[in-house]
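Each residue of the sequence shown is one higher than the one before, starting from 276 at the first, in my numbering.
Backbone N, C-alpha and C define an ideal beta-carbon position, used for all residues, glycine too.
Below is one structure; the comments refer to it alone.
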Amino acid sequence: MGEIAEDMLDGSCCSLCGQYFEHPQKDLETFRSVGIYVHEYPVACWACWTPGCGYEKAEVKTF
Ligand SMILES: [Zn+2]
């Protein structure tokens with residue numbers, strides 16, 4: 276995790292609201308997410324995304 280602007284560019288967080296994306300994989304002992312999911316490109320979260328927003332839709336949900 277770095278600067279939020281960097282995290283938006285690499286798709287670690289929503290480019291519109293800054294919410295971080297939860298990795299869909301769970302830790303088998305704690306049942307918690309293994310961490311932040313990185314898309315590798317800028318995305319908008321499911322709450323923010325609209326067809327004309329100019330971003331790809333996120334593949335996973337936010338925390
Ligand atoms: Zn968002």
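Original post:
Skipping 5 residues on each side, what residues in its chain have a beta carbon closer than 8 angstroms to that of residue 412?
Top reply: This structure does not reach residue 412, given that the chain is present from 276 up to 338, and the question cannot be answered.
**OP:** Mark residue 328 as exposed unless 16 or more other C-beta atoms lie within 10 angstroms of its C-beta, in which case mark it buried.
**Re:** Here residue 328 is taken as the residue at index 53 of the sequence shown, counted from 1. Burial state of residue 328 is exposed, judged by a 10 Å Cβ sphere holding fewer than 16 other Cβ atoms.
Original post:
Are residue 298 and residue 290 touching if we call contact CB-CB under 8 angstroms?
Top reply: Counting from 1 along the sequence shown, the entry for residue 298 is found at position 23. Counting from 1 along the sequence shown, the entry for residue 290 is found at position 15. Cβ distance not < 8 angstroms, so residue 298 and residue 290 don't count as in contact.
Original post:
Under 7 angstroms from any heavy atom of ligand 1, does the C-beta of residue 291 make it?
Top reply: As a working note, residue 291 is residue 16 in the sequence shown. At least one heavy atom of ligand 1 lies less than 7 angstroms from the C-beta of residue 291.
Original post:
For residue 281, does the three-state DSSP call read helix, strand or coil?
Top reply: The residue you call residue 281 lines up with position 6 of the sequence shown. In the structure shown, residue 281 adopts helical secondary structure according to DSSP, grouped into three states.
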